[in-house]
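Everything below concerns the one structure shown next.
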Amino acid sequence: MNAQPPAAAATDISTTPEWDAVGDAVAELADTSLRELFAADGGRAGKFTIHACDLHVDFSKNLITESIATKLFALAKRADVAGKRDEMFAGRHINTTEDRAVLHTALRLPRGEELSVDGQDVAADVHAVLAQMRTFAERVRSGEWKGHTGRDIDTVVGIGIGGSDLGPVMVDKALRAYQTAGIRARYVSNVDPADLTAVLAEIDPASTLVVIASKTFTTQETLTNAHAMRRHFVAELGDESAVAKHFVAVSTAADKVAEFGIDTNHMFEFWDWVGGRYSVDSAIGLTCMLTAGPEAFDEFLAGFHAMDTHFATAPTRENLPIIMGLLGVWYSDFLGAQSTAVIPYSEDLSRFPAYLQQLTMESLGKSVRLDGADVAYPTGQVWWGEPGTNGQHAFFQLLHQGTQLVPVDFIGFANPAEDVQTSDGSGSMHDLLMSNFFAQSRVLAFGKTEDEILAEDVPADLAPHKVMPGNRPSTTVLAPRLTPGVLGQLIALYEHIVFVQAAIWGINAFDQWGVELGKKQAGQLLPYLTSDAAPTKGAAAFDGSTDALLAAYRSARGR
Ligand code: F6P
Numbered sequence: 001m002n003a004q005p006p007a008a009a010a011t012d013i014s015t016t017p018e019w020d021a022v023g024d025a026v027a028e029l030a031d032t033s034l035r036e037l038f039a040a041d042g043g044r045a046g047k048f049t050i051h052a053c054d055l056h057v058d059f060s061k062n063l064i065t066e067s068i069a070t071k072l073f074a075l076a077k078r079a080d081v082a083g084k085r086d087e088m089f090a091g092r093h094i095n096t097t098e099d100r101a102v103l104h105t106a107l108r109l110p111r112g113e114e115l116s117v118d119g120q121d122v123a124a125d126v127h128a129v130l131a132q133m134r135t136f137a138e139r140v141r142s143g144e145w146k147g148h149t150g151r152d153i154d155t156v157v158g159i160g161i162g163g164s165d166l167g168p169v170m171v172d173k174a175l176r177a178y179q180t181a182g183i184r185a186r187y188v189s190n191v192d193p194a195d196l197t198a199v200l201a202e203i204d205p206a207s208t209l210v211v212i213a214s215k216t217f218t219t220q221e222t223l224t225n226a227h228a229m230r231r232h233f234v235a236e237l238g239d240e241s242a243v244a245k246h247f248v249a250v251s252t253a254a255d256k257v258a259e260f261g262i263d264t265n266h267m268f269e270f271w272d273w274v275g276g277r278y279s280v281d282s283a284i285g286l287t288c289m290l291t292a293g294p295e296a297f298d299e300f301l302a303g304f305h306a307m308d309t310h311f312a313t314a315p316t317r318e319n320l321p322i323i324m325g326l327l328g329v330w331y332s333d334f335l336g337a338q339s340t341a342v343i344p345y346s347e348d349l350s351r352f353p354a355y356l357q358q359l360t361m362e363s364l365g366k367s368v369r370l371d372g373a374d375v376a377y378p379t380g381q382v383w384w385g386e387p388g389t390n391g392q393h394a395f396f397q398l399l400h401q402g403t404q405l406v407p408v409d410f411i412g413f414a415n416p417a418e419d420v421q422t423s424d425g426s427g428s429m430h431d432l433l434m435s436n437f438f439a440q441s442r443v444l445a446f447g448k449t450e451d452e453i454l455a456e457d458v459p460a461d462l463a464p465h466k467v468m469p470g471n472r473p474s475t476t477v478l479a480p481r482l483t484p485g486v487l488g489q490l491i492a493l494y495e496h497i498v499f500v501q502a503a504i505w506g507i508n509a510f511d512q513w514g515v516e517l518g519k520k521q522a523g524q525l526l527p528y529l530t531s532d533a534a535p536t537k538g539a540a541a542f543d544g545s546t547d548a549l550l551a552a553y554r555s556a557r558g559r
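Numbered according to full-length UniProt numbering, the sequence shown spans residues 1 to 559.
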């Protein structure tokens, strides 16, 4: 039996002595700075660097001392992060509001391992679907699978939204260098017709395979796009029977997939214990397996598993997700940070910040604890970012000289997928990129004082504008190369950072009730946008603002 009763009233973590001790530790920073901390301890970088899997992570440029770190580790202990982690890995129903296990870690268990949850060997189920995906991907990639008119498939279109889109889109871009079979992917997610129209203009249905990805197979955007895509294919290929050769589905809902008209033999299953935002390594990643191949996908899964093993076994003080999770709690709850920036110095990883936005903000944007009581402290942060160096020419000014505290995660790679020499022959473009990567965290941490600026003969009235305050925290994640395995490690790292923070805050990182009301109200509003008769006050009034907006919309639409 893995089912767990809902959590009883829990301790408010902010009433514990461990929380108070961390709060008191803020004073340790009052009379010091990163400049001074580095000057005082030549070994600081070494003390605050972790090697986990293929990642070299330097968190020495964070606003911490060894004594602060010790207090944060005590807080993790008090919140029983390790115990809660073990419950997740074991398949307990830690998603109490939906009475579900949370087992994305089972998606990457190596073949042959067993994990019985609620009487079911979930590892065996996972490997059965992976085998089905591999066989299918090989048929498509080899040209054995033909379209309705006998053409090879050269384009895959993923239709999904949220967790059924952001992961595949991000991974597909990140693994560009591994896509050697001549199959490209396109994605449609938004119910804005512009998204669908732009993709339709680019594809030839005769050589396109559509993967409809939806855990529930009820999501308005996905079903609307899928039906429109299907109509287009039938019209272009002349025949309903084309659907069988051009549409497959990824879902937990076989009945709804069949209702749509897809043969369930062409459905790739996953399970309710995989949250949408934790699903890119399930069958939801099928488009990525089609473009990058089953071997790359296996490597990708192995990367996740390596990070899972690190998280499950490394001692707390060497445990990267625990350390990075604690840093987030430190900044958010004790130093007042409201956002975290993630800056990949990798164009291939340009969708990683968008992917992390759902992972972190849908998971941690909660204001009640697992026991239903209001939280008494900030939870979650706004996560955002763009690749470097582009971000440097956009928002870095605020990071360097603005008034807000924004911790930054820099992610970079020692080796590029391919390199180009600079025109003067002096070096590689990748080295140029990475010189910026190293410079930015250095400038954020150490800045430049007014005295240093005046010493360069800068006029006194200009000097204050040029002062770089420094003492701005960042973590640097350096990996040898953006391989499928390293990508899996990075994703799992952030999944577990989210877990650690939720465990400390005592919130449920695996439900998302906050997205429901807006969906429902859109359904209620739609008739008033489309009906011939204008909504009349009284029977159909919403609120003053919405009524006026609807009237303006209807007038602009000529209704
Ligand atoms: O609206 C939020 C959400 O439920 C996400 O959690 C999920 O990833 C997304 O919608 C898509 O859901 P589905 O895969 O069921 O279409």
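The C-beta atom is built at its ideal place from N, Cα and C for all residues, glycine as well.
(1) Counting only the same chain and skipping the five closest in sequence on each side, list residues whose C-beta sits under 7 angstroms from that of VAL443.
(2) Examine the ligand F6P and report whether any of its heavy atoms sits within less than 7 angstroms of the Cβ of SER214.
(3) Please list, in chain order, all residues of the same chain as ALA3 whose beta carbon is under 6 angstroms from its beta carbon, the five residues on each side excluded.
(4) Does the beta carbon of ALA45 sit closer than 8 angstroms to a beta carbon anywhere in chain B?
(5) In the DSSP assignment, find the beta strand (DSSP E) that holds TRP384 and state where it starts and stops.
(6) Could you name the residues of the same chain whose beta carbon sits closer than 7 angstroms to that of ALA509, not counting the 5 residues immediately before and after it, in chain order?
(7) Just to confirm the assignment, what range does the beta strand (DSSP E) spanning residue 591 have?
(8) Confirm, please, whether the CB-CB distance from ASP152 to LYS146 is below 8 angstroms.
(9) For PRO473, does the three-state DSSP call read helix, strand or coil?
(10) Does the Cβ of ARG277 lie closer than 7 angstroms to at least one heavy atom of the ligand F6P?
(11) Would you say TYR278 and HIS104 are within 8 angstroms of each other, going by their C-beta atoms?
(12) Leaving out five residues on either side along the sequence, give the residues of the same chain with a beta carbon under 6 angstroms from the beta carbon of CYS288.
(13) Does DSSP put GLN421 in a helix, in a strand, or in coil?
(14) How far does the alpha helix (DSSP H) with PRO321 in it reach, from first residue to last?
(15) Answer with buried or exposed for HIS430, where buried requires no fewer than 16 other C-beta atoms within 10 angstroms of its C-beta.
(16) Could you check the C-alpha separation between PRO480 and GLN489 for me, to the nearest Å?
(17) Counting along the chain, where does the alpha helix (DSSP H) carrying ASP409 start and finish?
(18) Check for me: the beta strand (DSSP E) holding TYR187 runs from which residue to which?
(19) Excluding five sequence neighbours on each side, which residues of the same chain lie with their C-beta closer than 7 angstroms to the C-beta of SER214?
(20) Rounded to whole angstroms, what is the Cα-Cα separation between TYR494 and THR218?
(21) Rounded to whole angstroms, what's the CA-CA distance from SER189 to ALA27? Just pull it up for me.
(22) Any heavy atom of the ligand F6P closer than 7 angstroms to the Cβ of GLN357?
(23) With PHE437 as the anchor, note down where its alpha helix (DSSP H) starts and where it stops.
(24) Return the chain-ordered list of same chain residues with a C-beta closer than 8 angstroms to the C-beta of GLU114, the five sequence neighbours on each side being excluded.
(25) Count the CB pairs spanning the stretch 83 to 97 and the stretch 49 to 67 that are closer than 8 angstroms, and state whether there are at least three.
(26) Can you confirm whether the stretch 348 to 363 touches the stretch 418 to 429 when touching is taken to mean that 3 or more C-beta pairs between the two stretches lie within less than 8 angstroms?
(27) Check for me: the beta strand (DSSP E) holding residue 560 runs from which residue to which?
(28) Count the other CB atoms within 10 Å of the CB of VAL515; is the residue buried (16 or more) or exposed (fewer)?
(29) With a threshold of 7 angstroms, establish whether the CB of THR219 neighbours any heavy atom of the ligand F6P.
(30) So what does DSSP say about ILE497, is it helix, strand or coil?
(31) At a cut-off of 7 angstroms, is VAL515 close to the ligand F6P when judged by its beta-carbon and the heavy atoms of the ligand?
(32) Mind checking who LEU209 pairs with in its DSSP beta bridge?
(33) Taking 7 angstroms as the cut-off, is the CB of GLN512 close to at least one heavy atom of the ligand F6P?
(34) For ASP20, is the classification buried or exposed, using 16 other Cβ atoms within 10 angstroms of its Cβ as the cut-off for buried?
(35) Identify which residue in GLU98, ALA69, ALA74 and VAL102 has its Cα closest to the Cα of ARG85.
(36) With DSSP collapsed to three states, give me the class of ILE94.
With the given structure in hand:
(1) The residue you call residue 443 lines up with position 443 of the sequence shown. Cβ neighbours of VAL443 beyond the five flanking positions: HIS400 and MET468.
(2) Here residue 214 is taken as the residue at index 214 of the sequence shown, counted from 1. Under cutoff, so the answer is yes.
(3) In the sequence shown, residue 3 corresponds to position 3, counting from 1. Residue placement at ALA3 is poorly supported in this model, since its pLDDT is 46, which falls under 50; the coordinates are not used for a value here.
(4) Of the protein chains in this structure there is only one, and it is not chain B.
(5) Taking the first residue of the sequence shown as 1, we reach residue 384 at position 384. Run containing TRP384: 382 to 384, per the beta strand (DSSP E) assignment.
(6) Along the sequence shown, read from residue 1 onward, the residue named residue 509 stands at position 509. Around ALA509: SER363, LEU364, VAL498, PHE499 and ALA502.
(7) Since the displayed the chain opens at 1 and closes at 559, residue 591 lies outside it and no answer follows.
(8) To locate residue 146, count along the sequence shown from 1; it is residue 146. To locate residue 152, count along the sequence shown from 1; it is residue 152. Using a Cβ distance threshold of 8 angstroms, LYS146 and ASP152 count as a contacting pair.
(9) As a working note, residue 473 is residue 473 in the sequence shown. Coil at PRO473, not helix or strand.
(10) Start at 1 with the first residue of the sequence shown, and residue 277 comes out as number 277. Yes, since a heavy atom of the ligand F6P falls inside the 7 angstroms radius drawn around the Cβ of ARG277.
(11) As a working note, residue 278 is residue 278 in the sequence shown. As a working note, residue 104 is residue 104 in the sequence shown. Yes, the pair counts as a contact, with Cβ atoms nearer than the cut-off.
(12) Translated into the one-based positions of the sequence shown, residue 288 becomes position 288. Answer for CYS288: PRO168, VAL171 and ASP172, listed in chain order.
(13) Locating residue 421 in the sequence shown gives position 421, where the first residue counts as 1. Three-state result, GLN421: strand.
(14) Residue numbering aside, residue 321 sits at position 321 when the sequence shown is read from its first letter. First-last of the alpha helix (DSSP H) with PRO321: 320 to 329.
(15) Position 430 of the sequence shown, counted from the start, is the residue given in the question as residue 430. So HIS430 counts as buried.
(16) For the purposes of this step, residue 480 is identified with residue 480 of the sequence shown, where counting begins at 1. For the purposes of this step, residue 489 is identified with residue 489 of the sequence shown, where counting begins at 1. The alpha-carbon atoms of PRO480 and GLN489 are separated by roughly 12 angstroms.
(17) For the purposes of this step, residue 409 is identified with residue 409 of the sequence shown, where counting begins at 1. Unbroken run through ASP409 is the beta strand (DSSP E), 408 to 415; no alpha helix (DSSP H).
(18) Here residue 187 corresponds to residue number 187 of the sequence shown, with the count starting at 1. Element bounds for TYR187: 184 to 188.
(19) Looking up residue 214 in the sequence shown gives position 214. Excluding sequence neighbours, SER214 sits near GLY160, SER164, THR222 and SER251.
(20) For the purposes of this step, residue 494 is identified with residue 494 of the sequence shown, where counting begins at 1. For the purposes of this step, residue 218 is identified with residue 218 of the sequence shown, where counting begins at 1. The alpha-carbon atoms of TYR494 and THR218 are separated by roughly 28 angstroms.
(21) Here residue 189 is taken as the residue at index 189 of the sequence shown, counted from 1. Here residue 27 is taken as the residue at index 27 of the sequence shown, counted from 1. Approximately 47 angstroms, taken between the alpha carbons.
(22) The residue you call residue 357 lines up with position 357 of the sequence shown. For the ligand F6P, not one heavy atom lies less than 7 angstroms from the Cβ of GLN357.
(23) Stepping through the sequence shown from its first residue, residue 437 is reached at position 437. That run of the alpha helix (DSSP H) goes 429 to 446.
(24) Sequence index remark: in the sequence shown, residue 114 carries index 114 (1-based). Around GLU114: ASP121, ALA123 and ALA124.
(25) no
(26) no
(27) In this structure the chain extends from 1 to 559, so residue 560 is not present and cannot be described.
(28) One-based indexing of the sequence shown puts residue 515 at position 515. Per the 10 Å Cβ criterion, exposed.
(29) Here residue 219 refers to the residue found at position 219 of the sequence shown. Yes, the Cβ of THR219 comes within 7 angstroms of a heavy atom of the ligand F6P.
(30) Here residue 497 refers to the residue found at position 497 when the sequence shown is read from its first residue. DSSP places ILE497 within a helical segment (H, G or I) once states are collapsed to three.
(31) Position 515 of the sequence shown holds residue 515. For the ligand F6P, at least one heavy atom lies less than 7 angstroms from the Cβ of VAL515.
(32) Reading the sequence shown from its first residue, position 209 is the one you call residue 209. Looking at the DSSP assignment, LEU209 forms a beta bridge with VAL156.
(33) Here residue 512 is taken as the residue at index 512 of the sequence shown, counted from 1. Result yes, Cβ under 7 angstroms from the ligand F6P.
(34) Counted from its first residue, the sequence shown places residue 20 at position 20. So ASP20 counts as exposed.
(35) Counting from 1 along the sequence shown, the entry for residue 85 is found at position 85. When each option's Cα is compared against that of ARG85, the closest is VAL102.
(36) Taking the first residue of the sequence shown as 1, we reach residue 94 at position 94. In this structure, ILE94 counts as coil in the three-state DSSP scheme.
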